[in-house]
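Structure first, commentary second.
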Amino acid sequence: MDGYYIWTVGCQMNKADSERLESALGQMGLEPRVSPKEADVIVLNSCVVRQSAEDRVVGMMTSLKPLKQRRQGKVLALMGCMVGPKTDELEKRFPYVDVFMQPQQYQPLIDLLGERMDIDTEGCVGPLVARPDVATYIPIIHGCDKFCTFCIIPYRRGREVSRSVAEIVREAEMLVKRGVKEVTLLGQNVDSYGHDLPDDHGLGDLLAAVNDVSGLERVRFLTSHPNDMSDHIIDSVAELDKVCEHINLPFQAGDDKVLEDMRRGYTNDEYRRLIDKIRERIPNVSLSTDVIVGFCGETDAQFEETLALIEDVKFDKVHAAAYSNRPGTIAERRLVDDVPQDEKKLRLKAIEILQERIATEINSELMGRDFDVLVEGRKRGKWFGRNRNDKLVFINDGEPELDLAGKMINVRIDKTAPWSLQGTIAR
Ligand code: SF4
């Protein structure tokens, strides 16, 4: 057994989980392969937040069946949010899968591989750390306590459990030794970090501790919840030199009744006031948000409230998704998914057109300005990276042999577009 293939669907939490599993498999002597055919261990890291994501995983599982039947020695694992506490249904549906693992539960696969490879896995899974990249993720809190009516995550990832400040700082220090320059502190709701810890440390305290890690250049965090965005967190972003001025603050819907049905716990007005406070304290902040269109019972007039909020706030980025009914959620049990699919598509299109205009306007203001860009790698034949505001920047004049990866480069913007910027190295 010498190669593995991990296929990941869904959110950054899943990507972070996969990176950690990669780290563990690497410590066991396995190497990454580019396709399931070439791998002895195949892991599908699944997502059920939207029907389309689940369909993709089921399609992939089905396509792997003949491969597994031809080569029984291959190990096939299903991991992530498709796997709940009980696996009987999944075992019936996919009897050829060797191991089912809930999010962050790597041990069953590690144990199985240890047995098959006849190795002691005790030290292998050790502290799991993400693979070395310029910018990477550190999960700081698992699960979610919010129970928004449309969301399956609290049922699949469980209640909130924070990791200790000391453990996170140690991981950041280890990552820096491996060449990482930027970390994103990750969780479904990072703003509630620490409420379950004995020493009462919140995200603001954690940001300060990670900010002090020597050699680390940038710190980000993802995702926030409007109800838990405290003044301390806002002040920390404003004051800590390595913490980047970018906040992802999902509002999900613009109408108060829809927000209530979603059980989000804030109103349109409260959300707007929070944005005003953030902008007052951090004038150069960039903002992104998540929106759901076509939630149960959402009328045209209610959707207009969502458009108005996007128009007024002027986010740098909007991630919009059509509502899809997820079995096991409160919305699935108590509300009716009654907005037709075609209408959901029209609403998505309306947001896309509006946001493209807003992002074009915001980015065109950046023409001629200089930004520090942390270079992450090469894409489309150019070096690329991000500025502190999380804007994707392509560098037009960096030759491949310069090896800019991991370097902080001052770039002058000479071309703007809604989703990215281009520039040249400022002399
Ligand atoms: S805050 Fe709401 S949407 Fe986000 S993970 Fe928790 S339950 Fe899901």
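Just so it is clear: in the sequence shown, position 120 is 245 by my numbering, and no numbers are missing.
Cβ coordinates follow ideal geometry from the N, Cα and C atoms, glycine included.
Reduced DSSP category for residue i - H, G, I as helix; E, B as strand; rest coil
i	result
L310	strand
F225	strand
F275	coil
I131	strand
L491	coil
N170	strand
M138	helix
E156	strand
T485	helix
L365	coil
G251	For G251, the predicted structure reports a pLDDT of 49, less than 50, and the residue's modelled location is therefore unreliable. A value from the coordinates is still provided. Three-state result, G251: coil.
L215	helix
T187	helix
V518	strand
H357	helix
G109	Outside the displayed span of the chain (126 to 552) sits residue 109, for which this structure offers no information.
E468	helix
V208	coil
K193	helix
E144	helix
R175	coil
K382	helix
K474	helix
K302	helix
I293	helix
Q480	helix
Minimum C-alpha distance to residue i - residue among the options
i	options	result
A530	I520, D539, R537 and S361	I520
W132	S411, E526 and G205	G205
G304	F376, T274 and R343	R343
I266	H371, P452 and R284	R284
M242	G154, S361, N336 and K469	G154
I244	S317, M126 and F225	M126
G329	N314, S349, M533 and I359	I359
K162	G184, I235, R181 and G128	G128
D258	G548, G523 and G510	G510
A333	H350, V498 and C369	C369
E477	H444, M533, T261 and D463	H444
N514	Q313, L310, F420 and D441	D441
L499	L517, R482, G493 and S489	L517
G312	Y130, Q137 and V536	Q137
S160	L189, E179 and Q176	L189
E307	K532, T541, Q547 and D539	K532
A178	A447, S361, P220 and T348	A447
V338	A297, G319 and A260	A297
N373	V166, F346 and A433	F346
D165	E147, A149, Q230 and Y130	Y130
G390	P375, I403 and D401	P375
I278	E144, F496, S171 and G151	S171
Counted within 10 angstroms of its Cβ, other Cβ atoms place residue i as buried (16 or more) or exposed
i	result
M387	buried
M272	The sequence as given places Phe at residue 272; Met does not occur at that position. By the neighbour-count rule (16 or more Cβ atoms within 10 Å), F272 is not buried but exposed.
H357	exposed
P452	exposed
G327	buried
K439	exposed
S411	buried
I417	buried
T485	exposed
P408	exposed
N535	exposed
D324	exposed
G251	Low local confidence applies: a pLDDT of 49 at G251 is under 50, so the model's placement there is unreliable, with the coordinate-based value given in what follows. So G251 ends up on the exposed side.
Q232	exposed
T187	exposed
E240	exposed
V461	exposed
Residue i Cβ short of 8 Å to the ligand PLP heavy atom set
i	result
I167	Among the ligands in the structure shown, the ligand PLP does not appear; only the ligand SF4 can be found there.
Beta-ladder partner(s) of residue i, from DSSP
i	result
Q377	V416
F496	V536
H267	V286
Y262	T309
T431	According to DSSP, which records beta bridges pairwise, T431 is partnered with nothing at all.
A445	V416
I202	According to the sequence as given, residue 202 is Ala; it is not Ile. Answer is V168 and V224, bridged to A202.
H371	S411
G548	I520 and I538
V344	V308 and V368
R511	L499 and L517
K504	K507
Q. Should the segment 391–404 be regarded as contacting the segment 292–299, the criterion being three or more beta carbon pairs within less than 8 Å?
A. No: the two stretches stay apart, fewer than three of their Cβ pairs being nearer than 8 Å.
**Q.** Three-pair Cβ contact test at 8 Å for the segment 373–389 versus the segment 421–437
**A.** A contact exists between the segment 373–389 and the segment 421–437.
Q) Is there contact here, the segment 452–470 with the segment 500–514, by at least three beta-carbon pairs under 8 Å? A) Here the segment 452–470 does not lie against the segment 500–514, with fewer than 3 beta-carbon pairs under 8 Å apart.
Q. For the segment 222–235 against the segment 186–200, are there 3 or more C-beta pairs whose distance is under 8 Å?
A. A contact is defined here as three or more CB-CB pairs under 8 Å, and the segment 222–235 meets this definition with respect to the segment 186–200.
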